[in-house]
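Student: My questions all concern the structure below.
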Amino acid sequence: MDLFNTIFNYIADNSGYNPIIPLNQLVKKVKAAYFANFRESTGNVTVQDDEFVYLSLLENEINNINERLETFYVPNHKITEEEAVFVKKSFEDITADLLNGGLSSSLFEYLKHRNSAVTSEIFYEKYHHIMNYLLKNLKTNLANQLD
Numbered sequence: 041m042d043l044f045n046t047i048f049n050y051i052a053d054n055s056g057y058n059p060i061i062p063l064n065q066l067v068k069k070v071k072a073a074y075f076a077n078f079r080e081s082t083g084n085v086t087v088q089d090d091e092f093v094y095l096s097l098l099e100n101e102i103n104n105i106n107e108r109l110e111t112f113y114v115p116n117h118k119i120t121e122e123e124a125v126f127v128k129k130s131f132e133d134i135t136a137d138l139l140n141g142g143l144s145s146s147l148f149e150y151l152k153h154r155n156s157a158v159t160s161e162i163f164y165e166k167y168h169h170i171m172n173y174l175l176k177n178l179k180t181n182l183a184n185q186l187d
């Protein structure tokens, strides 16, 4: 795990790029940069453009999560509207951490940060399945959009 942290820190500190790129995308970017010396470059993408793209993708994913919460989980009484707000705020924290290199803690800790009344037992009983599903979809959608 230290290797990945070192890689993401190096990307953030030395390249000017955001380390949100999943590992398979990182490999593709490294290969593309290596082989770019053998062919002419047709355009330049700036760091600001990349950051705008990442922010836009993450904002879109937050909207998707919010929509899923409002159209499925709340109407089907899986969680209340107030709980949906806590989950959405937790995912805003998660996406901010993804933009800065990766998750900094467990899903339970993200939710507990937003709702201190949640215990580990309550989290795993009520929220874990929901948040794990939403996180899995978030990562899948980001990876697909970055391809």
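For the sequence shown, our numbering begins at 41 and goes up steadily by one. Ideal placement from N, C-alpha and C gives every residue a C-beta, glycine not left out.
Would you mind reading off the limits of the alpha helix (DSSP H) that contains HIS153?
Tutor: As a working mapping, residue 153 is identified with position 113 in the sequence shown. 147-154 is the span of the alpha helix (DSSP H), which, as asked, contains HIS153.
Student: Give me, in chain order, the residues of the same chain whose beta-carbon lies closer than 7 Å to that of LEU174; leave out the 5 immediate sequence neighbours on both sides.
Tutor: Walking along the sequence shown from the start, residue 174 turns up at place 134. Around LEU174: ILE105, ARG108, PHE131.
Student: Does the Cβ of PHE112 have 16 or more other Cβ atoms within 10 Å, making it buried, or fewer, making it exposed?
Tutor: Counted from its first residue, the sequence shown places residue 112 at position 72. It counts as exposed.
Student: Taking C-beta to C-beta, are LEU98 and THR159 nearer than 8 Å?
Tutor: Translated into positions along the sequence shown, residue 98 becomes position 58. Translated into positions along the sequence shown, residue 159 becomes position 119. Not a contact, by the Cβ cut-off of 8 Å.
Student: Using CA coordinates, which residue listed in ASP137, TYR94, GLU101, TYR167 is at the minimum distance from PHE126?
Tutor: The residue labelled residue 126 in the question sits at position 86 within the sequence shown. Of the candidates ASP137, TYR94, GLU101, TYR167, the one whose C-alpha sits nearest the C-alpha of PHE126 is TYR167.
Student: Do you know how far the Cα of LYS129 is from the Cα of ARG154?
Tutor: Counted from its first residue, the sequence shown places residue 154 at position 114. Counted from its first residue, the sequence shown places residue 129 at position 89. Those two C-alpha atoms are separated by around 7 Å.
Student: Give every residue of the same chain whose Cβ lies closer than 6 Å to the Cβ of ASN49, excluding the five residues on either side of it in the sequence, and list them in chain order.
Tutor: If you number the sequence shown from 1, residue 49 lands on position 9. So the list is empty, once near-sequence residues are dropped.
Student: Just verifying my parser: in three-state terms, what is the DSSP assignment at LEU143?
Tutor: As a working mapping, residue 143 is identified with position 103 in the sequence shown. Here LEU143 sits in coil by DSSP.
Student: Here's a check: name, in chain order, each residue in its chain whose Cβ is nearer than 6 Å to the Cβ of ILE47, leaving out the five neighbours to either side.
Tutor: Working through the sequence shown from its first residue, we reach residue 47 at position 7. Correct list: empty, nothing qualifies.
Student: Residue range of the alpha helix (DSSP H) that HIS168 falls in?
Tutor: Reading the sequence shown from its first residue, position 128 is the one you call residue 168. First-last of the alpha helix (DSSP H) with HIS168: 168-186.
Student: For ALA72, which of helix, strand or coil comes out of DSSP?
Tutor: Along the sequence shown, one-based indexing puts residue 72 at 32. Residue state, collapsed to three classes: helix.
Student: Using a Cβ-Cβ cutoff of less than 7 Å, which residues in the same chain neighbour TYR150 once the five nearest sequence positions on both sides are dropped?
Tutor: On the sequence shown, residue 150 is found 110 positions in, with the first residue counted as 1. Hits under 7 Å: SER130, ASP133, ILE134.
Student: Using a threshold of 8 Å, state whether the C-beta atoms of ASN172 and LEU147 are closer than that.
Tutor: Numbered from its first residue, the sequence shown carries residue 172 at position 132. Numbered from its first residue, the sequence shown carries residue 147 at position 107. For ASN172 and LEU147, yes; Cβs fall inside 8 Å.
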